[in-house]
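Visitor:
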Amino acid sequence: MRVEISGEIIAETCGKSVPVGEGVSNMSLIYADGQMPHVPEDLTISQFILDGRHPTRPSWVWEHPKAWLIEEATGREIGKEEVQRRVYALANALKMRWNIGEDDVVCIFSHNHVDYIVVVWAVHVLGGTVSTANPTYTAEELSYQLSLTKARLVIADLSTLPVASEGVRASGISPGCLISFDPVSGESYPDVQILIAFGSREAKRYRERRLSEGEGRTKLAFLSFSSGTTGKPKAVMISHYSFIANIVQIAQYLRLNDTQSSSFMKVYDANSVVLGTLPFYHAYGMHMGLLITFFLGASIVVSPKFQFERMLHSIQRYHISHLYVVPPQVVLLCKSPKVKQYDLSSVTYLICGAAPLGAELIEKLARILPNSVIGQGYGMTELATGATSMPLDRRVGEPGSAGVLLPGIVARVVRQDGTVAGFNELGELHLKTPSMSLGYLNDPTATAETFRDGWVHTGDEVIINERKEVFVVDRIKELIKVRGLQVAPSELESHLLDHPDVADVCVVGIPDDFSGELPFAFIVLNDGARVDIEAHKRNPYAIKEAMMAHVAEHKAKYKRLAGVEFADMIPKNPSGKLLRRVLREKAKEMLSQGKMKVMPKSKL
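When you line the sequence shown up against full-length UniProt numbering, it's residues 1 to 604, in that order.
1. Name, in chain order, the residues that DSSP records as bridge partners for I276.
2. Cα separation between S592 and L357?
3. Which parts of the UniProt domain "AMP-binding enzyme C-terminal" (491-577) are runs of the beta strand (DSSP E), unbroken and 3 residues or longer, counting only runs that do not cross its ends?
4. Based on Cα-Cα distance, which residue from K150, F423, R152 and L178 lies nearest to P162?
5. For P279, which residues in the same chain have their Cβ closer than 6 Å to its Cβ, ignoring the five residues on either side in sequence?
6. Below 8 Å on the Cβ atoms is my guess for P399 versus A359; work out the distance and round it to an integer in Å.
7. Is the shortest distance between the beta-carbon of S494 and the beta-carbons of chain D less than 7 Å?
8. Give me, in chain order, the residues of the same chain whose beta-carbon lies closer than 6 Å to that of G21; leave out the 5 immediate sequence neighbours on both sides.
9. At the level of alpha carbons, what is the spacing between F225 and A535?
10. For A283, which of helix, strand or coil comes out of DSSP?
11. How would you call M288, buried or exposed, if buried means at least 16 neighbouring beta carbons within 10 angstroms?
12. Less than 7 Å between the C-beta atoms of E72 and S314, yes or no?
13. Are the region 79-92 and the region 119-139 touching by the rule of at least three beta carbon pairs closer than 8 Å?
14. On the criterion of 16 or more Cβ atoms from any shown chain inside 10 Å, does G375 qualify as buried, or is it exposed?
15. Would you report the Cα separation of S17 and P434, rounded to the nearest angstrom?
16. Looking at the strands, I want to know which residues DSSP matches up with I238.
17. Closest to S165 by CA distance: which of R207, V125, G214 and S110 is it?
18. Can you grab the Cα-Cα spacing for the pair E12 / V410, in whole Å?
19. Across the region 231-242 and the region 435-450, are there enough close Cβ pairs to call them in contact, namely three or more that are closer than 8 Å?
20. Less than 6 Å between C-beta atoms, sequence neighbours within five positions excluded: which residues of the same chain meet that for residue 623?
21. Within 10 Å of its beta-carbon, does N371 have 16 or more other beta-carbons around it, so buried, or fewer, so exposed?
22. Any idea what DSSP makes of L431, helix, strand or coil?
23. Since G128 and V105 are thought to touch, with beta carbons under 8 Å apart, how far apart are those beta carbons, to the nearest angstrom?
24. Compute the beta-carbon to beta-carbon distance between G172 and E41, rounded to the nearest angstrom, for a pair I have assumed lies under 8 Å.
25. Is it the case that the Cβ atoms of residue 612 and V507 are separated by a distance below 7 Å?
26. Does the count of Cβ pairs from the region 457-466 and the region 402-417 closer than 8 Å reach three?
27. Can you tell which of L561, A402, V123 and D343 has its C-alpha closest to the C-alpha of P511?
28. Using CA coordinates, which residue listed in L518, A387, D532 and I543 is at the minimum distance from M599?
29. Starting from the Cα of R538, find the closest Cα among V564, E187, D501 and D513 and give me that residue.
30. Tell me the rounded alpha-carbon separation between residue 606 and G276.
31. Please report the Cβ distance between M237 and L256, rounded to the nearest whole angstrom; I am assuming they are in contact, meaning their Cβ atoms lie under 8 Å.
32. With a threshold of 8 Å on Cβ separation, who are the neighbours of L291 within its own chain once the five nearest residues in sequence on each side are excluded?
33. Please specify which runs of the beta strand (DSSP E), each continuous and at least 3 residues long, are wholly inside the region 365-433, giving them in chain order.
34. Could you check the C-alpha separation between residue 641 and V347 for me, to the nearest Å?
35. Which residues in the same chain have their Cβ closer than 6 Å to the Cβ of H550, if we skip the five residues on either side of it in sequence?
36. In the structure shown, what three-state DSSP assignment does E82 receive?
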């Protein structure tokens, strides 16, 4: 519904009237099709999914209960009732052992695990907040996250425990507050399996956190990290209501309970099985991989870590119907000869996020998965998370299309001069959605830049057509996306400036068929290093390798530099801002002419 009062446009969003802003005409706003159903404001995410009977939830969830979680390696199945028992048992243990309670932060530093959601919901039961960390972080990066969020507990898997131990020590957390998901041979770490057994034996010592009406809008569920355009990663504050609202938006859009319309494909049913290769620490993986899957009554095969041939094997073994992927996985599906060795005919729905797919890849993918809907989506951690979805009246999405707006969303496209564009005109995408996050933790400046006047300024340059289909043209934000993971150039620039030979630096993304983009550094040497090279006292290639090693030793693997090029100067505008675009174009030209030396992929 849209109401105009005294010339001011009001957008009806989930039953709440929200001012759209001054100087914006009625024709400037693009409203998603479909009504936005009621979203409960007094439930936690776990209560909504474990107990909720929402009108958008398909009936087969209750009529044909099935395994919610399947362990990829063993085939072990865990149903809703067992998940619920494990959640309450772990909550009991966390309360008794560490007195976890209201607003306490628990960090999960782990690859995907069948008990990942058990930990999340156990913390929510106690009124706490979950902060998920990238399991490829270095101890330095983890320590930064732990300190920023003031985490009380850290839960790691067997492979991340050594780094977790260093990060815990560096951030001042007691070593006794580090927990392993599974038993550790010869070590004294408490583990989730023992804690669940302990909590189930003991009398209940906690009171489940219940929310008052409206409290869900502000009660923090997650601190999910997203790279801003400047500085280190930022903690996005996501409320319980935000994720619930986005679940409802997606469920409403899919129309799974609509028995009247025959013009829309039903993309989920009682037999749907999702392959959980997306990392759960990322908002995309948590939301689409776990929460949506449970709400729609599908099973998820939990894959600890993406490995291509294992993914193919699991598709065949578990008759996977749904794949949520990122572009590097699509490239492998389209180019690897191993694909022909497996039966992928069970796949009926594939959605790719993180970056646009080209027409050639989409065509190849459609041939490889002839039974599958193939489309793309758009979202941001700041939106918690999805904003668009694949049109339901076609099997293969239009190349470059990120899909159509989800119910309840209002969009506008703003030109560079600040005026509002119409259909098929280029500009920055601004979105207003019920699922909007609450901003960045302890960063009012960055919050004010992204969240303005009730709108999320996405930093993405788009075109929206008359079908309300979004085409992402470029990122105004200067993030580099490596295999779907965000890398802030400024973070690497700041680190490189610590190197004794660096006087100035600019990091840009260069195109890469597999990773989408890779970080590449243009560096101005200081006088001493430049003189040494001219006097043949030092090898320039050795200096470049030392700079790349400087990044590799202190940053996660996906942030490693693909190469270094020395420059006489870094172009800047009069205010001192880096003209990154100039060097990005120079890098593309060098790459096309074969003048750029790039690190072999095996070392990245």
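All C-beta atoms in this analysis are idealised placements derived from N, C-alpha and C, irrespective of residue type, glycine included. These numbers were taken from a predicted model, which means no experiment stands behind them.
Guide: Reading off the structure:
1. Here residue 276 is taken as the residue at index 276 of the sequence shown, counted from 1. Here the sequence assigns Gly to residue 276, which means Ile is not the residue at that position. Paired residue(s): V302.
2. Translated into positions along the sequence shown, residue 592 becomes position 592. Translated into positions along the sequence shown, residue 357 becomes position 357. Their backbone Cα atoms lie some 21 Å apart in a straight line.
3. Qualifying beta strand (DSSP E) stretches, in chain order: 502-512, 516-525 and 563-566.
4. Numbered from its first residue, the sequence shown carries residue 162 at position 162. Checking every option, the nearest Cα to that of P162 belongs to L178.
5. Stepping through the sequence shown from its first residue, residue 279 is reached at position 279. Once the five neighbours on either side are set aside, the close Cβ partners of P279 are G285.
6. Locating residue 399 in the sequence shown gives position 399, counting from the first residue. Locating residue 359 in the sequence shown gives position 359, counting from the first residue. Yes, they are in contact, since the Cβ atoms of P399 and A359 sit about 4 Å apart, within 8 Å.
7. The structure shown contains no chain D; it holds only a single protein chain.
8. By one-based count along the sequence shown, residue 21 stands at place 21. Only weak support exists for where G21 lies, its pLDDT of 40 falling under 50; the value from the coordinates is given anyway. Excluding sequence positions up to five before and after G21, its CB lies within less than 6 Å of the CB of D453, all in the same chain and listed in chain order.
9. Taking the sequence shown and counting its residues from 1, the one referred to as residue 225 is at position 225. Taking the sequence shown and counting its residues from 1, the one referred to as residue 535 is at position 535. Approximately 46 Å between the Cα atoms of the pair.
10. Counted from its first residue, the sequence shown places residue 283 at position 283. In the structure shown, A283 sits in a helix (DSSP, three-state: H, G or I).
11. Position 288 of the sequence shown, counted from the start, is the residue given in the question as residue 288. M288 is classed as buried because its beta carbon has at least 16 other beta carbons within 10 Å across all chains shown.
12. Position 72 of the sequence shown, counted from the start, is the residue given in the question as residue 72. Position 314 of the sequence shown, counted from the start, is the residue given in the question as residue 314. Yes.
13. Using a C-beta cut-off of 8 Å, the region 79-92 makes contact with the region 119-139, since at least three inter-stretch Cβ pairs fall below that distance.
14. Along the sequence shown, read from residue 1 onward, the residue named residue 375 stands at position 375. In summary, G375 is buried, with 16 or more beta-carbon neighbours lying within 10 Å of its beta-carbon over all protein chains present.
15. Translated into positions along the sequence shown, residue 17 becomes position 17. Translated into positions along the sequence shown, residue 434 becomes position 434. Below a pLDDT of 50, predicted positions are generally treated as unreliable, and S17, at 32, falls in that range; no measurement from the model is reported.
16. Translated into the one-based positions of the sequence shown, residue 238 becomes position 238. Per DSSP, F222.
17. By 1-based counting over the sequence shown, the position of residue 165 is 165. Each of R207, V125, G214 and S110 was checked against the Cα of S165, and the nearest Cα belongs to S110.
18. As a first step, residue 12 is located in the sequence shown; it is residue number 12 there, counting from the start. As a first step, residue 410 is located in the sequence shown; it is residue number 410 there, counting from the start. A caution first: E12 carries a pLDDT of 32, below 50, which makes its placement in the model too unreliable to give a value.
19. Verdict: yes, contact present.
20. Outside the modelled stretch of the chain, which goes from 1 to 604, sits residue 623, for which no answer is possible.
21. Numbered from its first residue, the sequence shown carries residue 371 at position 371. With fewer than 16 Cβ atoms within 10 Å of its Cβ, N371 is classed as exposed.
22. Walking along the sequence shown from the start, residue 431 turns up at place 431. Three-state result, L431: strand.
23. Position 128 of the sequence shown, counted from the first residue, corresponds to residue 128. Position 105 of the sequence shown, counted from the first residue, corresponds to residue 105. The pair is a contact, with the Cβ atoms about 7 Å apart (cut-off 8 Å).
24. Along the sequence shown, read from residue 1 onward, the residue named residue 172 stands at position 172. Along the sequence shown, read from residue 1 onward, the residue named residue 41 stands at position 41. G172 to E41, Cβ: 36 Å. No contact.
25. The first residue shown for the chain is 1 and the last is 604, placing residue 612 beyond what the model contains.
26. The answer is yes - the region 402-417 touches the region 457-466, with three or more Cβ pairs under 8 Å.
27. Your numbering for residue 511 matches position 511 in the sequence shown. Sorting L561, A402, V123 and D343 by C-alpha distance to the C-alpha of P511 places L561 at the top.
28. Position 599 of the sequence shown, counted from the start, is the residue given in the question as residue 599. The candidate whose alpha carbon is nearest that of M599 is L518.
29. Within the sequence shown, numbered from 1, the residue matching residue 538 stands at position 538. That would be D501, whose Cα lies nearest to the Cα of R538.
30. For residue 606 there is no data in the structure shown, the boundaries of the chain being 1 and 604.
31. Here residue 237 is taken as the residue at index 237 of the sequence shown, counted from 1. Here residue 256 is taken as the residue at index 256 of the sequence shown, counted from 1. That pair is no contact at about 30 Å.
32. Mapped onto the sequence shown, residue 291 falls at position 291. Cβ-Cβ distances below 8 Å link L291 to I45, I49, F243 and I247 in the same chain, with the five nearest sequence neighbours on each side left out; the list follows chain order.
33. Those beta strand (DSSP E) runs which fall completely within the region 365-433 and span 3+ residues are 373-376, 401-405, 410-414 and 427-432.
34. Past the boundaries of the shown model lies residue 641; the chain is included only from 1 to 604, so the question cannot be answered.
35. Residue mapping note: residue 550 aligns to position 550 of the sequence shown, counting from 1. Hits under 6 Å: H499.
36. Locating residue 82 in the sequence shown gives position 82, where the first residue counts as 1. If DSSP states are grouped into helix, strand and coil, E82 belongs with the helices.
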